[in-house]
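Taking it in order: structure first as structure tokens, then the write-up.
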Amino acid sequence: MTPTGLAGCFSAAVEGVLDEAVLRRILIDLDLGLDRVFGQRGKAFLQERIAGFNHDARFRPWIVVVDLDRDAECPAALVANWLPQRAHLMCFRVAVRELESWLLADTEALAGFLGICKILIPARPDQLDDPKQVLVSLGEKARRAEIRRDLVPRPASGRSIGPGYTSRMLEFVQDHWRPAAAEINSDSLRRCRARLRDLGRKLS
Amino acid sequence: MKDAASSTLIFRRLRLENWRNFTQVDVDLQNRVFLVGPNASGKSNLLDVFRFLHDIVSVGGGFQEAAGPQRGGVTKLRSLSARRYPDIVIEVHIGSHDLPNAWEYELRFSQDNQRRPIIKKERVSHAGVELWTRPDADDEKDPERLTQTYLEQINVNREFRDVADFFRSIRYLHVVPQLVRDPDRSIGRSNDPYGGDLLEQIARTPEKTRNAWLRRIEAVLRVAVPQLKELQFDRDKASGAPHLKGKYEHWRPQGAWQNEEQFSDGTLRLLGLLWATLEGSGPLLLEEPELSLHPEVVTHLPQMFARMQSRTGRQLILSTHSPSILADPSIGLDEAFLLLPEHEGTTVRPVRRFQQIVSLLEGGLSLPDAVMPFTRPAKAEQLPLFATR
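In order, the protein sequence lines correspond to chains A and B. Each step along the first sequence adds one to the number in our numbering, with nothing skipped, and position 110 is 110. Each step along the second sequence adds one to the number in our numbering, with nothing skipped, and position 176 is 380.
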């Protein structure tokens with residue numbers, strides 16, 4: 001259950017549906033609550049509104065998560081560009097390169113979910129150029145046909161993900177993914193959790 | 205591994221001539237079909253082709269009904285752009301993942317001088333081999349035979365009953381909340397695509413299945429309508445009329461029960477949508493499923509449908525004006541179709557054929573960003589001026 005008091009209950013802004021689920025999972029794990037969720041219309045939508053979210057973060061805790069993608073060399077450069085003056089209750093985190101690397105980081109759970117051998121999953125997901133692509137190609141090796149069909153796009157579709165990619169990954173995040181195990185392999189996730197923990201302590 | 209989804213039949217190709225506002229259509233279809241276009245571009249007319257095929261083989265239907273009274277006769281069906289009085293042609297290719305070219309069915313028709321719909325050609329092929337084509341020798345002897353398709357005749361369609369069964373399995377849904385609440389205003393209590401028979405359909409489902417499905421629907425509804433706590437099926441003790449009742453959280457400790465007459469439009473539409481995804485295994489036709497729903501709920505519809513399809517392989521053909529639906533990044537450029545009214549009737553093309561859309565997507569735009577400007581009325585900015593005088 002979401003804590004009811006204002007303290008410890010975050011407002012959030014995210015790029016998409018999957019991002020929200022990941023964030024929810026991370027917060028539950030830290031005994032923190034999620035209140036309102038904004039965005040879910042891609043990265044540019046967030047960038048245009050980040051000043052507004054930051055303004056509100058003077059009054060209540062906020063978490064904003066964006067993918068680094070290829071927009072900047074490192075998270076620090078992106079943060080400097082987006083949010084030069086961070087409000088004291090704003091937690092602005094950058095996933096390197098994409099949120100999918102946080103999912104890949106729980107190798108054991110992912111291997112179990114896809115029914116593949118653990119050693120196929122890259123050990124340092126933060127160093128991957130295109131984590132989503134890696135996830136999709138791991139999907140090609142999935143043991144169950146319906147998971148393969150959901151994750152892998154038909155070549156003629158012209159898309160990079162399969163028809164049920166989002167819902168399969170939602171299932172993975174909600175039922176299998178363990179943030180505490182994943183942070184061992186992903187520095188950007190570890191930092192995100194540490195910062196949220198600090199902020200949570202400040203609020204309680 | 206074998207699974208149910210890989211043997212499910214779907215429409216793989218659709219070819220039309222002179223059907224309603226389409227002079228020529230020839231498109232390959234995938235497991236999902238998204239039809240987008242301006243108002244009055246013919247999205248519903250395109251869905252109607254599949255309903256027409258369903259009506260030919262449905263009980264109480266048949267070719268004469270489907271092309272006659274049900275649709276106002278051949279003259280109403282024929283494209284206005286057509287010159288003189290050409291034939292209407294419907295050709296569909298049907299297949300599964302395992303057997304892509306299982307069946308072909310072609311129907312060419314016009315009307316005779318008594319204005320009855322009359323078959324000019326009917327053809328069925330199986331695995332690329334033609335089983336038969338009409339008119340045959342019997343038809344020459346007795347032209348009256350050409351008022352009925354072989355498809356609808358149980359005594360001759362044994363060889364290709366799969367095709368008839370497949371057409372019969374097509375479901376169309378466009379729930380009109382007012383008709384769910386007041387079925388007496390609907391066209392009938394069975395097979396009403398506007399939801400007039402939704403309660404009857406639910407009532408007809410065996411109790412065990414019905415309860416299992418209502419539990420699943422309840423779980424989804426609770427997400428979209430948090431104050432709704434429980435959903436139950438009920439029959440009026442006096443009249444026997446079926447009802448749905450929902451328990452709403454309330455200031456009273458026990459909450460309050462309300463029946464479908466008090467459900468909101470959005471609740472009823474979502475309920476109908478969820479029921480349709482559970483019921484049946486044939487192609488599901490949906491008309492603007494986004495209506496009355498919160499954009500946040502709409503955003504999740506494509507993935508909800510994807511899960512349904514992953515389980516059953518069932519084809520989904522829907523029309524939409526909703527950017528939230530098109531925003532799902534897995535929608536293939538061969539799954540979304542743009543309907544554009546042109547001088548010679550509306551054209552139907554997959555978005556991958558629009559060079560500008562493809563290039564905008566490569567440049568990082570989302571599908572709705574790239575597609576919606578094609579579907580807006582050319583002079584939309586004039587609309588606000590309507591009320592100035």
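Quick reminder that beta carbons are idealized off the backbone N, C-alpha and C, glycines included. The structure displayed is predicted, hence computed values, not measured ones.
Distance from the CA of H447(B) to the CA of R473(B), rounded to the nearest whole angstrom, comes to 16 Å. For Q559(B), there are no neighbours in chain A by C-beta distance under 9 Å, as the nearest C-beta there is about 13 Å away.
Around the C-beta of G115(A), fewer than 16 other C-beta atoms lie within 10 Å, and the residue is accordingly described as exposed. When the five nearest sequence neighbours on each side are left out, the beta carbons in the same chain lying within less than 7 Å of the beta carbon of P304(B) are those of R216, in order along the chain. Think of a sphere of 7 Å around the beta carbon of Q174(A): no beta carbon from chain B falls inside it, the nearest being about 13 Å out.
Taking a C-beta distance under 9 Å as the contact criterion, H297(B) and S211(B) do not qualify as a contact pair. Counting only runs of 4 or more residues that sit fully inside the segment 374–435 of chain B, the alpha helix (DSSP H) segments are 381–385, 402–408 and 411–428, in chain order.
With respect to the C-alpha of L497(B), the residue from V429(B), N317(B) and L564(B) having the closest C-alpha is V429(B). Exposed is the label assigned to S160(A), since fewer than 16 other Cβ atoms lie within 10 Å of its Cβ. With respect to N235(B), G517(B) sits close: the two C-beta atoms are nearer than 9 Å. Taking the Cα of V94(A) as reference, the smallest distance to any Cα among A72(A), F45(A), G162(A) and F10(A) is reached at A72(A). DSSP places F437(B) within a strand segment (E or B) once states are collapsed to three. For G33(A), the three-state secondary structure derived from DSSP is strand. For A428(B), no chain A residue has a Cβ inside 7 Å of its Cβ, as the nearest lies near 15 Å away.
Around the CB of L196(A), 16 or more other CB atoms lie within 10 Å, so the residue is classed as buried. The alpha carbon of L104(A) has as its nearest neighbour, out of D19(A), N185(A), F10(A) and S11(A), the alpha carbon of N185(A).
Closest in C-alpha terms to F238(B), from the list K280(B), L251(B) and A244(B), comes L251(B). Fully enclosed alpha helix (DSSP H) runs of no fewer than 4 residues occupy 469–482 of the segment 467–500 of chain B, in order along the chain.
Taking C-beta separations shorter than 7 Å and ignoring five residues to either side along the sequence, the partners of F92(A) in its chain run V64, V79, L83 and R86, following chain order. Runs of the alpha helix (DSSP H) lying entirely within the segment 91–153 of chain A, each at least 4 residues long, are 100–104, 107–114, 131–139 and 145–151 in chain order. As summarised for the segment 282–346 of chain B, the continuous alpha helix (DSSP H) elements at least 4 residues long and confined to that stretch are 341–345, given in chain order. Non-local C-beta neighbours of R372(B) in its own chain, meaning closer than 8 Å and more than five positions away in sequence, comprise H258, V261, S262 and G486, ordered along the chain. Closest by C-alpha distance to E453(B), out of L432(B), F467(B) and R439(B), is L432(B). When the Cα atoms are used, L213(B) and D175(A) turn out to be separated by approximately 32 Å.
With respect to chain B, the C-beta atom of L99(A) has no partner C-beta closer than 9 Å. Under the three-state reduction of DSSP, W223(B) is assigned to strand.
By the Cβ test, the segment 274–291 of chain B is not in contact with the segment 565–583 of chain B, since fewer than three Cβ pairs between them sit closer than 8 Å. In the three-state reduction of the DSSP assignment, I521(B) falls in the strand class, which pools E and B. Between M512(B) and T481(B) the beta-carbon gap is near 5 Å, inside 8 Å, which marks them as a contact.
Every unbroken stretch of the alpha helix (DSSP H) spanning 4 or more residues and falling wholly within the segment 521–588 of chain B is given here in chain order: 527–530, 559–566 and 571–579. In this structure V552(B) is in contact with V229(B), their Cβ atoms being roughly 5 Å apart against a cut-off of 8 Å.
Shown here, S167(A) sits in a helix according to DSSP, grouped into three states. For Q85(A), there are no C-beta contacts with chain B under 8 Å, since the nearest C-beta of that chain is about 28 Å from it.
Excluding residues up to 5 positions away in sequence, P545 lie with their Cβ nearer than 8 Å to the Cβ of A244(B) in the same chain. Counting the other CB atoms within 10 Å of its CB gives F590(B) a total below 16, which places it among the exposed residues.
E15(A) has a beta carbon lying at 9 Å or more from every beta carbon in chain B.
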